[in-house]
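Read the structure below first, then the notes.
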Amino acid sequence: MHQDHADFARHHNDRMNHSTSQPRRQHFRPMWHVREHMAFLIRNLQFYIQVDVVESQWDFLQSHIQNSNDFTELVTFHQEYLSALISQSFLDIGSVSRILGSIMTLCLQFCWTIENQESSQNTCELERITEEFNKKSNSLYTILRSSRLAGSQRAPFLRRFLLRMNFNSFFEATARGVLNVVRPRPSQ
């Protein structure tokens with residue numbers, strides 16, 4: 001969080017001092033949008049997992065531990081705790097787990113490419129990463145919105161995460177846009 005603020009302050013000071021040329025600022029503007037999209041998704045995922053999953057399950061585990069009578073009960077409660085963490089984090093859904101891993105890898109690739117941005121070849125790489133990130137984040141949203149998951153026992157947790165992720169309908173709108181491009185409308 002501190003680094004984000006320092007980067008923003010440096011960027012803001014450059015803007016105020018006009019030390020960064022207008023074409024250079026125009027060149028970096030789309031990258032800032034992509035970075036914000038990435039940060040938004042990762043931040044909401046992190047907050048959901050930390051607050052809605054880990055902390056709530058930890059409190060539940062602690063209350064069971066206080067009321068337990070023997071070690072066997074403790075082991076059972078701990079197993080239930082671990083199962084709930086995996087289930088509510090959607091790590092037991094292979095497609096979601098793979099997409100989340102891909103999204104995190106793309107975020108790292110984006111950072112590394114920005115740090116080494118020297119040539120037009122990196123610009124092409126950034127465009128590829130951006131396009132792939134948009135596809136993956138839209139796929140994640142589409143999978144999480146699927147009727148199969150909405151009707152499952154994890155629906156309350158899913159709704160909570162989707163509310164965090166799509167509170168302003170951004171993901172829904174972009175997912176629709178991507179789907180319309182992939183699947184053209186039939187001609188009349």
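Per UniProt numbering, the very first residue in the sequence shown carries number 1; after that it's consecutive.
Even for Gly, the Cβ is constructed at its ideal location relative to N, Cα and C.
Since this is a predicted model, take the numbers as computed values, not measurements.
Could you give the first and the last residue of the continuous alpha helix (DSSP H) run that contains F167?
It is not in any alpha helix (DSSP H) - F167 carries neither H nor E in the DSSP assignment.
Contact check, T174 vs V34, beta carbons under 9 Å
no
Please specify which runs of the alpha helix (DSSP H), each continuous and at least 4 residues long, are wholly inside the region 103-161, giving them in chain order.
120-144, 147-150
How close, in whole Å, do the beta carbons of S89 and V53 come, if the pair is a contact with beta carbons under 8 Å?
6 Å
Between the C-alpha atoms of R185 and S102, what's the straight-line distance to the nearest angstrom?
Residue placement at R185 is flagged as unreliable, the pLDDT there being 38, under the threshold of 50; a coordinate-derived value is accordingly withheld.
Helix, strand or coil: how does DSSP classify I93 here?
coil
Measuring straight from C-alpha to C-alpha, what distance separates G151 and F28?
42 Å
Could you say which of I114, C111, T142, F60 lies nearest to R80 if we only look at CA atoms?
Per the sequence presented here, residue 80 reads as Glu, with Arg not at that position. That would be F60, whose Cα lies nearest to the Cα of E80.
With C-beta atoms as the reference, is Q66 less than 9 Å away from A84?
Result no, Cβ atoms of Q66 and A84 do not sit closer than 9 Å.
Nearest candidate by alpha-carbon position, reference L100, set Q153, F77, M38, R148
The option with the nearest alpha carbon to L100 is M38.
Per-residue burial, S137 [other beta carbons within 10 Å of its own, 16 or more giving buried]
buried
With DSSP as the reference, label N67 as helix, strand or coil.
coil
Figure out for me which residue from N116, M31, Y141, R154 has the closest Cα to the Cα of F167.
Y141
Enumerate in chain order the residues of its own chain whose CB-to-CB distance from I49 is below 6 Å, with the five nearest sequence positions on each side excluded.
Contacts found: S89.
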